[in-house]
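Colleague:
Residue numbers (my numbering): 564 to 680.
1) To the nearest angstrom, how far is the alpha carbon of residue 604 from that of residue 645?
2) Could you name the residues that DSSP lists as bridge partners for residue 632?
3) How far does the beta strand (DSSP E) with residue 610 in it reach, from first residue to last?
4) What residues match up with residue 678 in a beta bridge as DSSP calls it?
5) Tell me whether residue 602 is buried or exposed, calling it buried when 16 or more other Cβ atoms sit within 10 Å of its Cβ.
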């Protein structure tokens, strides 16, 4: 059996609402062809890791417990869509990410705050 995060040919990974818990897993080391990652509505926590997925164009980590979003502009150069709605009450987004995608791209739930830092 091949472990889930070690499938080099995988292009899309969708594990929305699967009750995954703990620190955010690394997706880049063995999945170089990944173009879409949907990991939302899980209990992933802490800072999102700085991963390198050169083909990734869509990332959704909404409804988790993410506390911060790193600069993915150089490590994920094809990234065009990112979803972070309903994460930690005080989400911190890297300044370069805000500049590249526009601060409005990082929408947060009413009552939550977002800081570009």
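For every residue, glycine included, the Cβ atom is placed at its ideal position computed from N, Cα and C.
Modeller: Concretely, from the data shown:
1) To locate residue 604, count along the chain shown from 1; it is residue 41. To locate residue 645, count along the chain shown from 1; it is residue 82. Using only the alpha carbons, I get a separation of about 14 Å.
2) As a working mapping, residue 632 is identified with position 69 in the chain shown. BP columns for residue 632 point to 656.
3) Locating residue 610 in the chain shown gives position 47, counting from the first residue. From DSSP, the beta strand (DSSP E) with residue 610 extends over 606-610.
4) Against the chain shown, residue 678 aligns to sequence position 115. DSSP output for residue 678 lists 655 as bridge partner(s).
5) Along the chain shown, read from residue 1 onward, the residue named residue 602 stands at position 39. Buried is the call here.
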